[in-house]
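Trainee: Next up is a structure, given as structure tokens.
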Amino acid sequence: MYETNRMPHALLLLGTEGCGALPLAYALSQFILCTGDKSSGEPCGTCPACIKAAALVHPDVHSIFPSIRRNSDTTCETFLPQWRNQLTSQPYFGLSEWSAAMRGQKNVDDDDESDSDTPTKASADNKQAQILKDAGSAIHTKLSMKPYEARHQFMIIWKPELMNEVTANSILKILEEPPLDTSFILVSEDTQRILPTILSRTQRVVVPPLTEADIASYISAHYERTTSEAQRIAHIAQGNLAAAIRLVEGGNERSLALDFFKNVMRAAWKRDVKALADTAEDLKKLSREQVKNVLMHCRALLRESFVMNLSTPQLNYISAEEEEFLARFAPFVHINNIELLTSHIDKTISMVEQNGNIKMVVLDLVLSLTAYIRNTQRPEVGA
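Our numbering applies: residue 7 is where the sequence shown begins, and numbers increase by one.
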């Protein structure tokens with residue numbers, strides 16, 4: 007596009023988590039701003055523009071990203087130091103890593119769900135990351151000025167699907183007709199949640215997932231893992247380098263999800279209501295984003311259980327620990343209950359996203375699983 011002078015004024019990079027769409031957006035802006043020799047198709051990396059762009063301090067590259075509102079003064083700029091640190095240290099990350107970076111810690115205790123208008127630390131930490139309502143005015147303010155150093159300026163928006171409708175509508179005009187020498191680069195994982203009027207103003211480029219070979223090569227080069235271990239991690243990651251890094255670095259959310267899954271399914275089979283209630287109480291201690299991740303992984307484990315019954319191991323994407331449990335649990339997941347199980351988890355995830363009471367919605371889920379696991383008859387033939 008650049009070489010043939012066909013760069014759109016609004017580009018949408020669409021790709022799954024960990025595929026590299028976000029670092030690609032910044033690399034593209036650096037390439038265009040580069041004032042050195044870029045005949046090889048890469049920025050030179052040594053000119054002043056490249057050095058500033060690589061450090062995310064170029065004055066003509068602006069960023070909008072999801073943030074956690076702690077008080078009325080919180081804006082996207084509040085978390086700019088953390089944003090720069092995250093992208094320069096490890097640009098392959100997901101919303102869970104970014105939420106942890108904003109909070110400055112890995113785990114968050116959330117025992118306060120009061121309706122007080124004064125946000126406590128616990129209630130603020132429990133809020134989900136979103137593009138705050140001031141983003142629209144921030145975009146207009148930043149782009150109202152001419153480029154400061156370069157001949158071009160960029161507005162990079164990560165996860166526009168987390169922008170509310172009012173904010174999205176406020177940028178429609180400037181997105182359609184940006185100021186001279188200004189480009190938008192939107193980076194999204196889910197276009198279904200973006201306003202159609204936003205989508206219609208962008209040119210979409212799909213960024214494919216990374217190959218297993220690429221991920222295995224990265225893991226082998228950066229971590230002390232054998233070739234077979236790296237290959238298994240790459241297979242489980244399914245093109246998501248962020249997920250592969252979590253597996254290697256021992257991110258505890260996958261372990262939390264497996265422990266939760268084990269406890270719930272065992273208690274559901276025994277019809278142990280007290281154990282189910284205790285499990286729901288334990289999940290309430292996590293942040294809302296962590297609860298969503300745990301539930302999504304539980305949904306994935308149900309899928310893996312169903313596939314395991316088909317005797318096609320190449321279609322399973324599970325760790326050795328998960329495989330050990332699912333080998334015994336898989337017979338209880340079949341064609342007559344898989345849709346009931348996964349749809350109820352989807353409903354619970356949606357309620358968590360809508361700020362439903364975590365303990366109540368999770369308790370409703372685990373109690374429902376008792377009926378789906380124990381009372382649904384397995385077909386005599388097939389999965």
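Note that the Cβ used here is the ideal one computed from N, Cα and C, for glycine as well.
(1) If we count the other Cβ atoms within 10 Å of its Cβ and call it buried at 16 or more, is residue 151 buried or exposed?
(2) Hey, residue 292 and residue 300 are a contact pair by Cβ (cut 8 Å); roughly how many whole angstroms apart?
(3) Who are the near neighbours of residue 398 in its chain, counting only those whose CB is closer than 8 Å to its CB and skipping five residues on each side?
(4) Could you tell me if residue 341 is buried or exposed, where buried requires 16 or more neighbouring beta carbons within 10 angstroms of its beta carbon?
(5) In the DSSP output, which residue or residues are listed as bridge partners for residue 19?
(6) Tell me, to the nearest whole angstrom, how far the beta carbon of residue 27 is from that of residue 19; I am working on the premise that it is less than 8 Å.
(7) Between the region 216-236 and the region 190-207, can you find at least three pairs of beta-carbon atoms closer than 8 Å?
(8) Run through the region 10-64 for me and flag every whole beta strand (DSSP E) of 3 or more residues, listed as ranges in chain order.
(9) May I ask you to list the residues that DSSP assigns as paired with residue 164?
(10) In whole angstroms, what is the alpha-carbon distance linking residue 62 and residue 239?
(11) Residue 169 by DSSP, collapsed to three states: which one?
(12) When the Cα atoms are used, what is the spatial distance from residue 176 to residue 170?
(13) In terms of residues, what are the limits of the alpha helix (DSSP H) holding residue 68?
(14) Under a Cβ-count criterion, where at least 16 other Cβ atoms within 10 Å of its own Cβ denotes burial, should residue 168 be classed as buried or exposed?
(15) My assumption, with CB atoms under 8 Å, is that residue 13 sits in contact with residue 189. Please give the rounded CB distance.
(16) Kindly indicate the opening and closing residues of the alpha helix (DSSP H) around residue 87.
(17) Looking only at DSSP bridge pairs, what is residue 137 linked to?
(18) Give the straight-line distance between the Cα atoms of residue 296 and residue 172, rounded to the nearest whole angstrom.
(19) Would you call the CB atoms of residue 31 and residue 193 closer than 8 Å?
(20) For residue 360, does the three-state DSSP call read helix, strand or coil?
(21) Quick one: using the 10 Å Cβ neighbour count with 16 as the cut-off for buried, is residue 317 buried or exposed?
(22) Could you check where the alpha helix (DSSP H) with residue 237 kicks off and where it finishes?
(23) Considering only their Cβ atoms, is the gap separating residue 191 from residue 145 smaller than 8 Å?
(24) Are the region 40-49 and the region 78-95 touching by the rule of at least three beta carbon pairs closer than 8 Å?
(25) Look at the alpha carbon of residue 186 and the alpha carbon of residue 68, and state the distance between them as a whole number of angstroms.
(26) DSSP on residue 285, reduced to helix/strand/coil?
(27) State the Cα-Cα distance for the pair residue 326 and residue 350, rounded to the nearest angstrom.
(28) Could you give the distance in angstroms between the alpha-carbon of residue 120 and the alpha-carbon of residue 77?
(29) Expressed to the nearest angstrom, what Euclidean distance is found between the alpha-carbon atoms of residue 17 and residue 9?
(30) So is residue 204 in contact with chain C if we call contact Cβ pairs under 8 Å?
(31) What's the C-alpha gap between residue 204 and residue 178?
(32) Taking the C-alpha atoms as reference points, what is the distance between residue 335 and residue 21?
(33) Using the beta-carbon count (16 or more within 10 Å), is residue 54 buried or exposed?
(34) In this structure, what does DSSP give as the bridge partners for residue 293?
(35) Bridge partners of residue 159, per DSSP?
(36) Indicate the three-state DSSP secondary structure (helix, strand or coil) for residue 325 in the structure shown.
Mentor: From the atom records:
(1) Looking at its Cβ environment, which holds fewer than 16 other Cβ atoms inside 10 Å, residue 151 is exposed.
(2) With 8 Å as the limit, residue 292 and residue 300 qualify as a contact, their Cβ atoms being about 7 Å apart.
(3) What the structure shows of the chain is the stretch from 7 to 389, and residue 398 is not part of that stretch, so it cannot be assessed.
(4) In summary, residue 341 is exposed, with fewer than 16 beta-carbon neighbours lying within 10 Å of its beta-carbon over all protein chains present.
(5) According to DSSP, residue 19 bridges with 193, 211.
(6) 4 Å between Cβ atoms; contact.
(7) The region 190-207, when compared against the region 216-236, does not touch it at the 8 Å Cβ threshold.
(8) DSSP runs (the beta strand (DSSP E)) wholly in the region 10-64: 16-20.
(9) Answer is 193.
(10) The straight-line gap from Cα to Cα measures roughly 31 Å.
(11) The answer is strand: DSSP assigns residue 169 an E or B state.
(12) Straight-line Cα distance between these residues: approximately 10 Å.
(13) Per DSSP, residue 68 belongs to no alpha helix (DSSP H); it is in the beta strand (DSSP E), 67-70.
(14) Buried.
(15) Yes, they are in contact, since the Cβ atoms of residue 13 and residue 189 sit about 7 Å apart, within 8 Å.
(16) Element bounds for residue 87: 86-95.
(17) Checking the DSSP bridge columns, you'll see residue 137 partnered with 169.
(18) Take the alpha-carbon of residue 296 and the one of residue 172: they are about 27 Å apart.
(19) Yes.
(20) In this structure, residue 360 counts as coil in the three-state DSSP scheme.
(21) Per the 10 Å Cβ criterion, exposed.
(22) Its alpha helix (DSSP H) spans residues 233-243.
(23) No, the Cβ-Cβ distance between residue 145 and residue 191 is not below 8 Å.
(24) Under the three-pair Cβ rule at 8 Å, the region 40-49 does not count as touching the region 78-95.
(25) Each residue's alpha carbon lies about 16 Å from the other.
(26) Under the three-state reduction of DSSP output, residue 285 falls in the helix class.
(27) One C-alpha to the other measures close to 27 Å.
(28) Caution applies to residue 120, whose pLDDT of 36 falls short of 50 and renders its modelled position unreliable; the value that the coordinates give is listed next. Taking the straight line joining both Cα atoms gives about 16 Å.
(29) Going by the C-alpha atoms only, they are around 16 Å apart.
(30) You won't find chain C in this structure, because it holds only one protein chain.
(31) Cα-Cα distance, rounded: 7 Å.
(32) Going from the Cα of residue 335 to the Cα of residue 21 covers about 33 Å.
(33) Per the 10 Å Cβ criterion, exposed.
(34) Looking at the DSSP output, residue 293 bridges to nothing.
(35) Paired residue(s): 188.
(36) Three-state result, residue 325: coil.
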